[in-house]
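With our numbering applied, the sequence shown corresponds to residues 229 to 1082, in that order. Backbone N, C-alpha and C fix where the C-beta goes; we use that ideal spot for every residue, glycine too.
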Amino acid sequence: MARRAAAKTASAPSARAEANLARYREKRDFSLTAEPAGATLPAGGQGFVVQKHAASRLHYDFRLELDGTLKSWAVTRGPSPNPDDKRLSVRTEDHPLDYARFEGTIPKGQYGGGTVMLWDNGTWEPVPGKDPVKTLAEGHLHFFLHGHRMKGEWLMIRLKPRGKEKGENWLLRKIADDHAGGSDDLVGMHLTSVESGLTMEEIAAGVKPRAVAKRGKTEASAKPVAARKAKSPLKRKAAKAVGALPPPFQPVQLATLVDSVPAGDRWLHELKYDGYRTLIAVGGGEGRAYTRSGLDWSDRFAGLITEATQLDCRSALIDGEAVVVGEDGRSSFQALQAALKGDPSAILYYAFDLLALDGEDLTRLPLTERKAKLETLIASAVGSEAARIRYSDHIVGQGEKLLTSFCEAGLEGVISKRADAKYSGSRNGTWLKTKCIRRQEFIIVGWTPSDKQRGFRSLLLGVHKDGKLIYAGKAGTGFTGQEIERLMALMAPLAVKTPPVVAPRAAVRGAHWVEPRLVCEVAYIEFTDEGVLRHPSYLGLREDKKAEAVLLETEAPVAAAVASSEDGVDVAISNRERVIFPESKITKGQLADYYAAVADIMLPWVANRPISLVRCPQGRAKKCFFQKHDAGTFGEHIKHVGILEKDGHEEPYLFVDDAEGLLTCVQMGTIEFHGWGARIEDVEKTDRLVFDLDPDDGLAFEAVRTAAFEFRELLQQIGLETFPMVTGGKGVHVIAPLTPQAEWPAVKDFAHRFAQAVAQAHPDRFTAALAKVQRKGRIFVDYLRNQRGATAIMPYAVRAREQAPVAVPISWKELETIDTPAHWHVGDAAELVKRAGSKVLAGWGRADQVLPDL
229 MARRAAAKTA SAPSARAEAN LARYREKRDF SLTAEPAGAT LPAGGQGFVV
279 QKHAASRLHY DFRLELDGTL KSWAVTRGPS PNPDDKRLSV RTEDHPLDYA
329 RFEGTIPKGQ YGGGTVMLWD NGTWEPVPGK DPVKTLAEGH LHFFLHGHRM
379 KGEWLMIRLK PRGKEKGENW LLRKIADDHA GGSDDLVGMH LTSVESGLTM
429 EEIAAGVKPR AVAKRGKTEA SAKPVAARKA KSPLKRKAAK AVGALPPPFQ
479 PVQLATLVDS VPAGDRWLHE LKYDGYRTLI AVGGGEGRAY TRSGLDWSDR
529 FAGLITEATQ LDCRSALIDG EAVVVGEDGR SSFQALQAAL KGDPSAILYY
579 AFDLLALDGE DLTRLPLTER KAKLETLIAS AVGSEAARIR YSDHIVGQGE
629 KLLTSFCEAG LEGVISKRAD AKYSGSRNGT WLKTKCIRRQ EFIIVGWTPS
679 DKQRGFRSLL LGVHKDGKLI YAGKAGTGFT GQEIERLMAL MAPLAVKTPP
729 VVAPRAAVRG AHWVEPRLVC EVAYIEFTDE GVLRHPSYLG LREDKKAEAV
779 LLETEAPVAA AVASSEDGVD VAISNRERVI FPESKITKGQ LADYYAAVAD
829 IMLPWVANRP ISLVRCPQGR AKKCFFQKHD AGTFGEHIKH VGILEKDGHE
879 EPYLFVDDAE GLLTCVQMGT IEFHGWGARI EDVEKTDRLV FDLDPDDGLA
929 FEAVRTAAFE FRELLQQIGL ETFPMVTGGK GVHVIAPLTP QAEWPAVKDF
979 AHRFAQAVAQ AHPDRFTAAL AKVQRKGRIF VDYLRNQRGA TAIMPYAVRA
1029 REQAPVAVPI SWKELETIDT PAHWHVGDAA ELVKRAGSKV LAGWGRADQV
1079 LPDL
């Protein structure tokens, strides 16, 4: 009896604990919220919990079990394992002990309304000799945590109140030990619940919990964002239901280098930053950060993502620059590199464009409207002065005056943008850049030894021009001793005996050569008549750009650039009346007019990727041929990227980056444009998976349509969202966009095994065999589009077939009723442009996903 009475007493909180919970209960209506009312668990334990809480603003609730309740603080930016960081923690009311098990959604309108995740839990203990009840009252807590994520020694200190401040503000700090780390190593890497394994948007959508690692071990699913797996269709659908998915990557708008700032009030002007161009996508408490080429750098910019998730929106896609700004107010690329290695919290993000907001595509709005929405969005961030995400302001007109003041202040230069222009995701002349200091990327091709110390005296530099790697001089300044050591370590495994460039012997006597793989940024005065840099200075390595994409950049006359942006494409088309398609009498001029009309919607897909052209100089009925290399005969608008072949030598592959490039190809007799499944920034990482469903002659299109839907379902089952495109030929492409992460061997192997599996399951309908004799009456699943060097027809490209059909992106709904894969032709340019901006194709070809295991 006495034992039962004792047990009953132990099962209820103490009278003091009950009194401390009064404030907690006053704030809540337990008939509406699923939060626990308390008085159900015994006191006396030493548990702790951290709950990620998306209320009016995202924060992390840190709770320690002490004296019968959970002592609670709202940590605005989340815990940091960096001992140099002091995270503001606002003391809140005590919570009941059973709140440590709560995960779910607090109804809107209730106190703290929003999603709550069990982000971490475990046990804690005070530092020996410290009474935590006493030290809490005195204003400090010193303890050890034994959680899944938060571990080791921590300290909390109460700040003195300022003015009429009534609340308690504390600072949470990590003590240096084996569990210390970078500022964003915790909140940036761990994005799922330690109990349910769900993300914030999955919790909000009511997705069923999944298994996670056993308690007491590191959570198996807690990986850097860049290493994530593809979401299942169920989870993606649930997240979409609440409008919570971060928008996928889109190709970025590029600026043309010009010799002076454009005049007039039609142009607005912004500061040119010295950092990494970055797209930030947020939605449902999660986020991503992408480089200009689509590489996922979320792990490097985790702190920026965390702050971006606090913006007042369901989802957004923001374009801007990640920078570090010194005390002199100037951004510094070298300081940014140092911060990425040691102090990520010093990195700021200047946002200058808004591509999507709350599920709405904004790219077709004028720039001034997009920036107005962006400014309002950024203003919703917590603590404007301390915020790391900031709005990039601009002025209208007076560009030359602004450039002069920037140059005098030692700044980078000016970016000028047409105020009324839409966001094209390519280089179309509506964004121009004017530099105060000449600088660009170069490739390290070797080094000369120092005669005074270990290391090098200077770096030997190269750059691509007309598809060939040429010598550009040597840089001997701008290095710290630590940077010299780092570069020597990076260059050592790249050593080669044969020079990768032809260089003057006297200038490179005693040189040590390396494979042309490392890219650095260099400032210089000018190029000499011999084509080498004058007074070059090393600024730092560029990890967001591969050597293949480093091209010599030259200034264009501003008048020509302005004329192009206002009057359209300026490429002379000769022999406009020549009939290219004899069946329909379509001429070369009409073909050129079509490509000029669709350039804006085609360039985001075809620009800045290696291409192969189908050239038919005398028309499609006569000799046609593929061309992927060029010796410079196409002119300045056709670019070249050097790509290593199997035998180790480099070949100049063609690519275009603007409408002039497209039209120049047409002038040279091009009808079709085929592209690699990778961009020039990193040709080894693929950004799409393509299954070309090619029917045998005589097989009805209905069979292809049915096959496409089967592929969609099968790929959905392994987590890949897909999009259909009619090819303008006989078949359909089923396309799965990918974040560039997997390399060619893995992608080809995946595609091959998937195609074989489908063919083996339905041998009467499909074949993955190359031999045409085995395709009779069946659909050939062409997986070879997914190997290095292979190409596929690009969206909106014309086909060299009767009636000039066009390859066109379509929705799955449209595929249910479309009559033929050659439904559209050259005469449908106006309709295709209108379709591209409609809701029917909103988000076509874009998805945040990586290659799954198979």
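Just to confirm, is the Cβ distance from residue i to residue j under 8 Å?
i	j	result
A987	A996	yes
A791	R667	no
L688	A720	no
M345	S411	no
I871	E971	no
E713	G683	yes
E321	Y252	yes
D910	S654	no
L482	D885	yes
R319	E381	no
P260	P335	Correcting the residue identity first, residue 260 is Leu in this sequence and not Pro. Result yes, Cβ atoms of L260 and P335 sit closer than 8 Å.
H418	W347	yes
F580	S620	yes
Which residues does DSSP list as the beta-bridge partners of residue i?
i	result
H287	H281
N397	V318
S300	R291, T320
M345	K280
T351	G275, H374
S644	H497, L660
E263	Paired residues: none, contrary to the question.
V510	G515, A544
Assuming residue i and residue j form a contact by the criterion Cβ under 8 Å, report the distance between their Cβ atoms to the nearest whole angstrom.
i	j	result
S652	G627	The Cβ separation is near 21 Å, so there is no contact.
A584	P728	At roughly 42 Å, the Cβ-Cβ gap does not stay under 8 Å, so A584 and P728 are not in contact.
D527	G416	6 Å
S428	G513	The sequence given here places Met at residue 428; Ser does not occur at that position. The pair is a contact, with the Cβ atoms about 3 Å apart (cut-off 8 Å).
G548	T519	The Cβ separation is near 12 Å, so there is no contact.
Y1024	M830	4 Å
G515	A536	5 Å
G947	P1080	5 Å
Let's test the definition: count the other Cβ atoms within 10 Å of the Cβ of residue i and tell me whether it reaches 16, buried, or not, exposed.
i	result
S678	exposed
P785	exposed
H622	buried
V453	Residue confidence is low: V453 scores 33 on pLDDT, short of 50, so the model does not pin down where it sits. Its coordinate-derived value is still stated next. V453 is buried by the Cβ-count criterion.
T351	exposed
P389	exposed
N656	buried
E640	buried
V1001	exposed
W904	buried
H763	exposed
K392	exposed
Y758	The identity of residue 758 in the sequence shown is Glu, whereas the question assumes Tyr. Answer is exposed; the Cβ neighbour count stays below 16.
A599	In the sequence as displayed, the identity of residue 599 is Lys instead of Ala. So K599 counts as buried.
Once you ignore the five residues that flank residue i on each side, which residues in its own chain have a CB closer than 6 Å to its CB?
i	result
K976	N1014, Q1015
E743	L722, V724
L545	P475, A509, L583, A584
E912	E971
H990	none
R443	Low per-residue confidence applies at R443: pLDDT is 36, beneath 50, and the placement is therefore not dependable, though the value from the model is reported in the following sentence. Contacts found: none.
S308	R315, S411
Can you list, in chain order, the residues of its chain whose CB lies under 7 Å from that of residue i, leaving out five sequence neighbours each side?
i	result
A849	P810
G1065	R592
K958	D922, P923, P1049
W1040	R940, P952
A211	As shown, the chain starts at 229 and ends at 1082. That puts residue 211 outside it, with no answer to give.
For residue i, decide whether its Cβ has a neighbour in chain B, counting only Cβ atoms nearer than 8 Å.
i	result
Q279	In the structure shown, chain B does not exist; there is a single protein chain.
Using a Cβ-Cβ cut-off of 8 Å (strictly less than) and excluding sequence neighbours within five positions of residue i, which residues of its own chain qualify?
i	result
S765	A703, T705, G706, V750, A751, Y752
L568	R528, I575
E781	L485, Q668
I801	K816, G817, A820, L891, V894, Q895
Within 7 Å: the Cβ of residue i and any heavy atom of the ligand MG?
i	result
K569	This structure lacks the ligand MG; in fact it carries no ligand of any kind.
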